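Asks:
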Amino acid sequence: MSQLNLQNKSYELDLANRIYVQENFQLLQSYKQTLTNKFQGQFENIDFSDSEAAAQNINSFIEQATCGKIKDLIPSDAINDLTRMILTNAIYFKGTWEYKFEKEQTAPKTFYLSENREQQVPMMKIKNPFPYYEDNQVQVLGLPYKSQEVFLYVILPKDRFGLSNLLKDITGQKVQNHIQEAHKWHNDNSQTRIYVELPRFKIETGLSLNDALKKLGITDAFDEKRADFSGMIGSRGLYVSDVFHKAFIETNEEGSEAAAATGVVMRLESSRGGSFEEFRTFHADHPFLYALATRQGDILFTGTVVSLE
């Protein structure tokens with residue numbers, strides 16, 4: 001990802017990883033080398049006994065790394081005398097469309113929230129050849145940013161109210177497969193235009209990932225007795241107490257701006273151009289999944305648009 005940012009100046013993509021470690025708490029040198037060499041991670045010693053100051057320090061780093069879009073990621077009450085490490089990750093992206101939507105074409109249109117609810121939203125419109133894929137369940141559209149290295153992929157259920165069923169079956173590999181198929185179709189149908197209607201949207205979320213991760217089967221990490229992070233510190237006793245996540249994305253006629261940050265709090269256990277004839281329609285007038293990703297399928301962000309209120 002860092003190479004992606006260095007190779008192109010048509011968009012801004014910044015990644016930041018930093019681990020805050022309690023003063024005098026030792027990490028294995030092998031772990032530190034791996035994090036530094038493979039993930040460009042940074043380490044910073046900090047005094048967690050002053051929870052307010054520690055939270056302010058960490059949140060300032062995240063806010064700066066995301067150009068002010070993510071604020072107050074770590075609440076001070078998540079830090080106590082047993083806190084030994086906080087792992088943070090932040091990503092920021094800002095890009096301009098390769099083919100911009102014309103603001104004059106944007107007009108109010110119905111967005112169907114559920115069988116009994118709908119709302120009027122500003123619907124953007126464009127007609128152009130784009131990466132595209134469809135099967136019995138979904139339509140997939142790729143909207144390129146400048147340089148066409150990064151795309152916003154919109155995965156739209158054919159069933160107007162079928163997003164929940166789609167999310168039950170979707171995986172990262174399926175998203176990557178959809179991306180590959182969309183580009184393959186585009187290569188074979190480069191003269192076919194897609195008539196796109198996409199709502200202008202801005203979404204900000206903040207939540208604890210504890211329950212979601214446990215439902216995915218990640219339970220031992222949260223258990224004081226069963227957690228094993230000996231690869232980090234050389235012994236057991238360290239466990240995850242909280243995982244916080246915040247995200248921001250805004251998409252309009254000009255392009256997109258997006259940011260996300262995750263914080264993992266770890267404690268010791270208390271005892272321790274051409275002629276266009278054909279076209280397709282892609283009308284995103286109901287809830288959908290989106291992925292900000294490279295054309296090779298490296299996913300930067302994923303999320304859903306279920307309401308624009």
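Using the UniProt record's numbering, the letters of the sequence shown correspond one by one to residues 1 to 309. Every residue, glycine too, gets a C-beta built ideally from N, C-alpha and C. Please read all numbers here as calculations on a predicted model, not as lab measurements.
#1: From S256 to V150, what does the alpha carbon distance come to, in whole angstroms?
#2: Note down, in chain order, each residue of its chain lying with its Cβ closer than 6 Å to the Cβ of L87, except the 5 sequence neighbours on either side.
#3: Quick check: the Cα distance between K38 and L289, rounded to an integer number of angstroms?
#4: My output table needs one value for L308: the three-state DSSP class, helix, strand or coil.
#5: If you compare alpha carbons, which of D211, H178, P131 is closest to T192?
#6: So F48 and S114 are in contact, right, with Cβ under 8 Å, and what is the actual spacing, rounded?
#7: Closer than 7 Å by C-beta to L308: which residues in its own chain qualify, once you throw out the five before and the five after it? Chain order, please.
#8: For the stretch 129 to 144 against the stretch 166 to 180, do three or more pairs of beta-carbon atoms, one drawn from each stretch, fall closer than 8 Å, so that the two count as touching?
#9: Classify I203 as helix, strand or coil using the three-state DSSP reduction.
#10: So what's Q296 in DSSP terms, helix, strand or just coil?
#11: Quick check for students: name the residue ranges of the alpha helix (DSSP H) that lie wholly in the stretch 30 to 82, counting only runs of 4 or more.
#12: Is the separation between the beta-carbon of I46 and that of N57 shorter than 9 Å?
#13: List the endpoints of the continuous alpha helix (DSSP H) containing residue 316.
#14: Please tell me whether A259 and A90 are closer than 9 Å, where the distance is taken between their beta carbons.
#15: If distances are taken between C-alpha atoms only, which option among P129, D242, E52 comes closest to S218?
#16: Excluding the 5 residues preceding and the 5 following K127 in the sequence, name in chain order all residues of the same chain whose CB lies nearer than 8 Å to its CB.
#17: Ignore the nearest five residues each way along the sequence and tell me which others in M266's own chain have a CB closer than 8 Å to its CB.
#18: CB-CB under 7 Å to D81, same chain, minus the five flanking residues each way: which ones, in chain order?
#19: From A16 to L35, what distance separates their C-alpha atoms?
#20: Start and end of the beta strand (DSSP E) containing S241?
#21: Less than 7 Å between C-beta atoms, sequence neighbours within five positions excluded: which residues of the same chain meet that for L213?
#22: May I have the straight-line CA-CA distance separating N24 from D72, to the nearest angstrom?
#23: Using a Cβ-Cβ cut-off of 7 Å (strictly less than) and excluding sequence neighbours within five positions of F101, which residues of its own chain qualify?
#24: Measuring only the C-alpha atoms, how far is Q40 from R295?
#25: Please report the straight-line C-alpha distance between E63 and I74, rounded to a whole angstrom.
#26: How close, in whole Å, do the beta carbons of G95 and Y145 come, if the pair is a contact with beta carbons under 8 Å?
#27: State the DSSP-derived secondary structure class of H286, mapped to helix, strand or coil.
#28: Excluding the 5 residues preceding and the 5 following R236 in the sequence, name in chain order all residues of the same chain whose CB lies nearer than 6 Å to its CB.
#29: Runs of 3 residues minimum, wholly inside the stretch 75 to 133: which ones carry the beta strand (DSSP E) assignment?
#30: For the beta strand (DSSP E) containing Q22, name the first residue and the last one.
#31: Compute the minimum distance between the beta carbon of K214 and the heavy atoms of the ligand COA, and state whether it is under 8 Å.
#32: So F282 and L156 are supposed to be a Cβ contact under 8 Å. How far apart are they, rounded?
#33: Let me know if A293 comes out buried or exposed under the rule of 16 or more other beta-carbons within 10 Å of its beta-carbon.
Replies: According to the structure shown:
#1: Mapped onto the sequence shown, residue 256 falls at position 256. Mapped onto the sequence shown, residue 150 falls at position 150. Their Cα atoms are separated by approximately 11 Å.
#2: As a first step, residue 87 must be located in the sequence shown, where it is residue number 87. Around L87: I19, V264.
#3: On the sequence shown, position 38 is the one that residue 38 refers to. On the sequence shown, position 289 is the one that residue 289 refers to. Whole-angstrom Cα-Cα distance: 30 Å.
#4: Position 308 of the sequence shown, counted from the start, is the residue given in the question as residue 308. Here L308 sits in coil by DSSP.
#5: Stepping through the sequence shown from its first residue, residue 192 is reached at position 192. If we check each option's Cα against that of T192, P131 comes out closest.
#6: Position 48 of the sequence shown, counted from the first residue, corresponds to residue 48. Position 114 of the sequence shown, counted from the first residue, corresponds to residue 114. Wrong, their Cβ atoms sit about 44 Å apart, outside the cutoff.
#7: Position 308 of the sequence shown holds residue 308. Closer than 7 Å at the Cβ level, and outside the excluded window around L308, lie F111, Q119, V121, P199, F201.
#8: yes
#9: Indexing the sequence shown from 1 puts residue 203 at position 203. Correct three-state label for I203: strand.
#10: On the sequence shown, position 296 is the one that residue 296 refers to. Note: Q296 maps to coil in three-state DSSP.
#11: 51 to 65
#12: Along the sequence shown, read from residue 1 onward, the residue named residue 46 stands at position 46. Along the sequence shown, read from residue 1 onward, the residue named residue 57 stands at position 57. Against a cut-off of 9 Å, the Cβ pair of N57 and I46 comes out as a contact.
#13: Lying before the first or after the last residue shown, residue 316 is absent from the chain, which here runs from 1 to 309.
#14: Taking the first residue of the sequence shown as 1, we reach residue 259 at position 259. Taking the first residue of the sequence shown as 1, we reach residue 90 at position 90. Yes, the pair counts as a contact, with Cβ atoms nearer than the cut-off.
#15: Translated into the one-based positions of the sequence shown, residue 218 becomes position 218. Sequence inspection shows Ile at residue 218; the Ser mentioned does not correspond to that position. Among P129, D242, E52, the Cα nearest to that of I218 is on D242.
#16: Numbered from 1 along the sequence shown, position 127 holds the residue referred to as residue 127. Counting only Cβ-Cβ distances below 8 Å, and skipping sequence neighbours, we find R193, I194, Y195, V196, F279.
#17: Working through the sequence shown from its first residue, we reach residue 266 at position 266. Here the set comprises T83, R84, M85, I86, L87, F229, L238, Y239, V240, S241.
#18: As a working mapping, residue 81 is identified with position 81 in the sequence shown. Contacts found: S49.
#19: Here residue 16 refers to the residue found at position 16 when the sequence shown is read from its first residue. Here residue 35 refers to the residue found at position 35 when the sequence shown is read from its first residue. Rounded to the nearest angstrom, the two C-alpha atoms are 12 Å apart.
#20: Here residue 241 refers to the residue found at position 241 of the sequence shown. Start and end: 238 to 251.
#21: Taking the sequence shown and counting its residues from 1, one reaches residue 213 at position 213. Same-chain partners within the cutoff: V243.
#22: Residue numbering aside, residue 24 sits at position 24 when the sequence shown is read from its first letter. Residue numbering aside, residue 72 sits at position 72 when the sequence shown is read from its first letter. In a straight line, the C-alpha of N24 is about 26 Å away from that of D72.
#23: As a working mapping, residue 101 is identified with position 101 in the sequence shown. Closer than 7 Å at Cβ, skipping near neighbours: M124, K125, I126, E253.
#24: Sequence index remark: in the sequence shown, residue 40 carries index 40 (1-based). Sequence index remark: in the sequence shown, residue 295 carries index 295 (1-based). Spanning the two alpha carbons is a distance of roughly 23 Å.
#25: One-based indexing of the sequence shown puts residue 63 at position 63. One-based indexing of the sequence shown puts residue 74 at position 74. Roughly 11 Å separates the two Cα atoms.
#26: Locating residue 95 in the sequence shown gives position 95, counting from the first residue. Locating residue 145 in the sequence shown gives position 145, counting from the first residue. About 3 Å separates the two Cβ atoms, so the contact holds.
#27: By one-based count along the sequence shown, residue 286 stands at place 286. Correct three-state label for H286: coil.
#28: Within the sequence shown, the letter at position 236 stands for residue 236. Excluding sequence neighbours, R236 sits near D228, S230.
#29: 83 to 96, 107 to 114, 117 to 128
#30: Taking the sequence shown and counting its residues from 1, one reaches residue 22 at position 22. It spans 11 to 22 - the beta strand (DSSP E) in which Q22 sits, taken as one unbroken run.
#31: In terms of ligand content, the structure shown is empty, and the ligand COA therefore cannot be addressed.
#32: Taking the sequence shown and counting its residues from 1, one reaches residue 282 at position 282. Taking the sequence shown and counting its residues from 1, one reaches residue 156 at position 156. So it is a contact: roughly 7 Å between Cβ atoms.
#33: Along the sequence shown, one-based indexing puts residue 293 at 293. Classification of A293: buried, given that the 10 Å Cβ count is 16 or more.
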